[in-house]
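Note sheet for the following structure.
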Amino acid sequence: MSQIPAVIITGASTGIGATYAERFARRGHDLVLVARDVARMDALASRLRQEAGVTVDILAADLTQAADLAKVEARLREDARIGILVNNAGTAIGGSFVDQSVEDITKLVTLNATALVRLSRAIAPRLAEAGEGAIVNIGSVVGVAPEFGMTVYGATKAFVQFLSQGLAQELGPKGVYVQAVLPATTRTEIWAHVGADVDTMSNVMEVGDLVDAALVGFDRRELVTIPPLQEAEQWEAFDGARKAMIGNIVNALPAARYRTPA
Numbered sequence: 177m178s179q180i181p182a183v184i185i186t187g188a189s190t191g192i193g194a195t196y197a198e199r200f201a202r203r204g205h206d207l208v209l210v211a212r213d214v215a216r217m218d219a220l221a222s223r224l225r226q227e228a229g230v231t232v233d234i235l236a237a238d239l240t241q242a243a244d245l246a247k248v249e250a251r252l253r254e255d256a257r258i259g260i261l262v263n264n265a266g267t268a269i270g271g272s273f274v275d276q277s278v279e280d281i282t283k284l285v286t287l288n289a290t291a292l293v294r295l296s297r298a299i300a301p302r303l304a305e306a307g308e309g310a311i312v313n314i315g316s317v318v319g320v321a322p323e324f325g326m327t328v329y330g331a332t333k334a335f336v337q338f339l340s341q342g343l344a345q346e347l348g349p350k351g352v353y354v355q356a357v358l359p360a361t362t363r364t365e366i367w368a369h370v371g372a373d374v375d376t377m378s379n380v381m382e383v384g385d386l387v388d389a390a391l392v393g394f395d396r397r398e399l400v401t402i403p404p405l406q407e408a409e410q411w412e413a414f415d416g417a418r419k420a421m422i423g424n425i426v427n428a429l430p431a432a433r434y435r436t437p438a
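Numbering (my numbering), first residue to last: 177 to 438.
In structure tokens form, the structure reads like this:
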């Protein structure tokens, strides 16, 4: 792997993905941009080549399509220059669970979860063998808050968080850094997918602020980065409570409260 690894970013045509591309280009990283919108990627790539003097490749792909996903997987396995994967591609759907179509739900899970885990799997063995590299997975605070009412979307983001934490356990000792980034409401085009007007919302984070904060966490090698959370102690208490249960949830007998006759 080169001293400054190339970065591959999914969902790179706009929003969080495009901003990650800008920030990593400023740091001197060559880029591989992955998205469906070739025109937007072309414009972004041209600008970053000129402004940062980096190499920018474009890989047009719809990650819900098997052939396109396989194409990106192959690039991750075979291109030894790529040392950082940013799994940013994702979408959301509006409405309640009972109103959402099976087709929309399936596409959501395919993009937000299946594609992400397959791309992580494509690059992880090579990074582990090299003993270096990073995987950045964009989750959401919705993944820890079913109260927000975005049930399937939140479930996919809970998957992203768990996967990231699990991969950190497995890959961290091999020299591979895995970060889960959990944004809250951020000014991106995803809101149009659910029929919402982000300009009417409160406490909306600008995408540049989100990515800059996430990169501070990246540089600090945080395992979970929550840019909008003001008190880090709250996450530490939340995660600490989970860890405290571990020794108590593996028992041969049911808890006493479940052995009381009805």
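Ideal Cβ positions, reconstructed from N, Cα and C, are used throughout, including at glycine.
- Ranking Asp388, Gly393, Ile366, Thr361 by CA distance to the CA of Asn379 puts Thr361 first.
- Cβ contact annotation for Phe200 (same chain, cutoff 7 angstroms, sequence separation greater than five): Val183, Leu207, in chain order.
- For Thr267, the closest alpha carbon among the candidates Thr190, Leu209, Asp255 is that of Thr190.
- DSSP places Leu209 within a strand segment (E or B) once states are collapsed to three.
- Beyond the five residues adjoining it in sequence on each side, Leu343 comes within less than 6 angstroms, by CB distance, of Val354 in the same chain, given in chain order.
- In the three-state DSSP reduction, Val230 falls in the coil class, being neither helix nor strand.
- For the pair Gly204 and Val230, the CB atoms are nearer than the 8 angstroms cut-off.
- When the beta-carbon positions are compared, Phe394 and Val312 come within less than 8 angstroms of each other.
- With distances taken between CA atoms, Arg251 lies nearest to Ala236 out of Ala236, Leu224, Arg225.
- Non-local beta-carbon contacts of Val293 in its own chain, meaning distances under 7 angstroms to residues more than five positions away in sequence, involve Leu339 in chain order.
- By DSSP's assignment, Ile184 forms a beta bridge with Val208, Leu261.
- Apart from the 5 residues on each side of it in sequence, Val214 sits with its Cβ closer than 6 angstroms to the Cβ of Ala236 in its chain, given in chain order.
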